[in-house]
Amino acid sequence: MDEVSLVPLPESVVPAAGHFTLRASTTLVFDDGDAELERLAHAFADELSPATGFALAIAPRATAASRNRIVLTHVEASSDVGDEGYDLEVTPDQITVRASTSAGVFFGTRTLLQLLPPSIEGDSVVRGPFALPAGVIHDVPRFAWRGMMIDIARHYFGLPDLKRLVDAMAAYKLNRLHLHLSDDQGFRIQVLAYPNLTTVGGSTAVGGGAGGFLTQADYSELVQYAADRSVIVVPEIDMPAHVTAMLASYGALTCDGVPPPLATGAFASSSLCIGDPDVLPFVRAVISEIAALTPGPYFHVGGDESFQTAPADYDAFVAAIRAHVDSLGKTFIGWEEVANAGLPPGYLLQHWANPALASSGAAAGARLVLSPSTNMYLDMKYDVNSPVGTAWAGFVDVDQSYAWDPATHVPGVDESDVEGVEAALWTETIVTRSDVDQMTFPRLIGLADIGWSRSAARGYDEYLLRLGGQGPRLEASGIDFYRSPLVPWE
Ligand code: TNX
């Protein structure tokens with residue numbers, strides 16, 4: 005078993021002699037009566053089918069043949085695998101994925117895919133053999149939150165692009181898709197109570213293009229698609245700033261009642277009129293409607309860069325929204341500026357630029373999601389030659405995006421305060437699917453390694469080799485990644 009092929013790096017890998025070979029006669033086996041494992045077995049068979057041409061049989065344990073099988077099971081999982089870890093055993097006769105949850109079994113199957121030849125990722129039949137090296141893997145994630153944010157407000161990216169992103173995230177065991185659904189230049193999710201938010205607020209984008217928005221059906225389809233891959237969708241409606249699209253849709257949210265023009269430049273500045281009695285009921289209704297469509301436990305309310313909102317108004321507004329999110333049974337999350345509002349403990353604070361704010365929030369009982377712009381902003385150019393992106397936080401090539409430690413990055417904050425890590429793709433300059441791919445990959449893969457791997461063997465030099473090994477896999481998956489010259493691509 006070859007560690008060099010695996011990202012994220014598992015906690016332990018013990019190679020053994022021999023191989024398991026996937027054949028047309030291989031059976032996928034699940035625990036009798038376990039509908040979730042049965043679903044995962046079907047989904048895995050579907051994933052293996054395009055490249056192999058096999059339609060693998062699926063059977064409950066009681067009726068399955070005893071050889072040449074892949075067993076997905078909750079029986080005898082190690083006691084420390086937790087909510088997402090797994091044990092994987094490959095012998096010449098049988099593969100066993102053991103975990104106490106279906107998320108753990110799913111992540112175990114991601115490792116299995118990486119043990120197969122890269123051509124397994126393609127969508128047309130290739131020649132075998134489809135052999136996996138024998139051995140034993142024990143694997144448990146380091147952080148609970150391993151996320152990616154995509155800004156679909158500055159430029160709109162719809163359901164097909166977002167599903168594709170979920171697939172790529174899941175391949176590297178990421179588990180939170182944070183959707184930045186609103187900003188000055190666009191409001192991108194249908195709200196039945198306030199249709200102008202999308203018919204007006206969703207009608208353009210940076211550069212003046214046509215914009216777009218997710219219908220509620222699109223959003224629900226994405227949430228289910230993600231959940232089937234152990235990814236939780238985290239919706240963000242950014243407020244009280246970054247709201248020109250909302251103000252342009254409903255002039256009642258402004259202090260003079262006059263809707264501003266839609267914003268199509270890369271930069272804009274705006275604020276909800278906090279003193280206006282229409283504003284809180286409006287945003288509460290918007291949050292409630294989107295929360296009701298969201299089975300995941302989180303609601304992100306933005307809170308960044310409120311330059312036009314008076315500090316006292318900001319603090320009162322954020323406190324009121326926090327109370328509303330709590331009342332809906334969701335966990336409140338905001339950008340690090342919400343720490344200024346002196347909120348009660350028990351929420352998530354997303355660090356991006358100001359370590360002092362992040363550490364004061366943590367000291368007051370927030371848990372941190374770390375998205376340092378100097379390392380984890382996917383809109384930063386790799387180097388001076390990058391055709392899209394910005395560089396306000398510096399150039400971020402593969403070294404800079406990987407060489408940081410969540411346990412020590414924010415002074416005064418240690419690992420126990422950290423819920424996890426998240427990469428953020430802001431899209432002021434990102435227009436096409438290829439732009440998304442180039443800026444996201446390979447840097448997102450480094451985040452996955454940092455967020456998941458507890459292995460003491462993990463390090464930048466050995467990571468570069470493992471990352472280089474992902475090249476053919478990304479290619480076979482149709483991801484147009486940036487071939488950073490720092491990486492020894494296979
Ligand atoms: C800062 S990060 C912003 C975004 C921009 C981004 C560009 C944050 C919470 N606010 O509005 O898109 O920089 O890199």
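Under the numbering used here, the first residue of the sequence shown is numbered 5, with each subsequent residue one higher. Positions of the beta carbon are idealized from the N, C-alpha and C atoms, including for glycine. For clarity, every value in this text was computed on a predicted model and none was experimentally measured.
| Check | Outcome |
| --- | --- |
| Close Cβ partners of residue 212 (< 7 Å) along its chain, the five nearest in sequence each way excluded | 268 |
| Coil, strand or helix - residue 233 by DSSP | coil |
| Boundaries (first-last residue) of the alpha helix (DSSP H) holding residue 168 | 163 to 175 |
| Test item: CB-CB of residue 32 and residue 76 under 8 Å | yes |
| For residue 429, the three-state DSSP class (helix, strand or coil) | strand |
| Start-end ranges of the alpha helix (DSSP H) lying completely within the segment 194 to 218, minimum 4 residues | 200 to 203 |
| Distance between residue 274 and residue 246 (C-alpha atoms, nearest Å) | 6 Å |
| Bridge partner(s) assigned by DSSP for residue 186 | 191 |
| Buried versus exposed, by CB contacts within 10 Å (16 or more), residue 362 | buried |
| Beta carbon of residue 241 nearer than 8 Å to that of residue 290 | yes |
| Contact under 8 Å by Cβ, residue 209 with residue 215 | yes |
| Cβ contact (3+ pairs, closer than 8 Å) linking the segment 27 to 46 and the segment 70 to 89 | yes |
| Local conformation of residue 122 per DSSP, three classes | helix |
| Supposed close pair residue 235, residue 174 - CB separation, criterion 8 Å | 6 Å |
| Length of the line joining the Cα atoms of residue 347 and residue 132 | 57 Å |
| Close Cβ partners of residue 492 (< 7 Å) along its chain, the five nearest in sequence each way excluded | 468, 469, 472 |
| Burial state of residue 233, where buried means 16 or more other Cβ atoms lie within 10 Å | buried |
| Nearest-angstrom beta carbon gap, residue 185 and residue 23 [assumed within contact, 8 Å] | With 8 Å as the limit, residue 23 and residue 185 do not qualify as a contact, their Cβ atoms being about 46 Å apart. |
| Helix, strand or coil at residue 58 according to DSSP, with G and I counted as helix | coil |
| N-terminal and C-terminal residue of the alpha helix (DSSP H) that residue 329 is part of | 315 to 331 |
| Residue 195 burial status per 10 Å Cβ neighbour count (16 or more: buried) | buried |
| Any non-hydrogen atom of the ligand TNX closer than 7 Å to residue 406 Cβ | no |
| Environment of residue 410 [buried if 16+ CB atoms lie within 10 Å] | buried |
| Test item: CB-CB of residue 146 and residue 179 under 8 Å | no |
| Close-in-space but distant-in-sequence residues of the same chain around residue 45 (CB under 7 Å, 5 per side omitted) | 32, 34, 62, 76 |
| At least three beta-carbon pairs within less than 8 Å, the segment 151 to 170 to the segment 429 to 446 | yes |
| Endpoints, the beta strand (DSSP E) within which residue 152 is located | 149 to 155 |
| Endpoints, the alpha helix (DSSP H) within which residue 464 is located | 464 to 480 |
| Heavy atom of the ligand TNX within 7 Å of residue 426 beta-carbon | no |
| Residue nearest to residue 187 in terms of C-alpha spacing, selected from 219, 250, 374 | 250 |
| Which of helix, strand or coil DSSP assigns to residue 371 | strand |
| Minimum C-alpha distance to residue 276 - residue among 292, 248, 298 | 248 |
| Three-way DSSP call (helix, strand, coil) for residue 91 in this model | strand |
| Continuous beta strand (DSSP E) stretch holding residue 339: start and end | 335 to 339 |
| Residue 240: CB within 7 Å of a non-hydrogen atom of the ligand TNX | no |
| Contact under 8 Å by Cβ, residue 372 with residue 447 | no |
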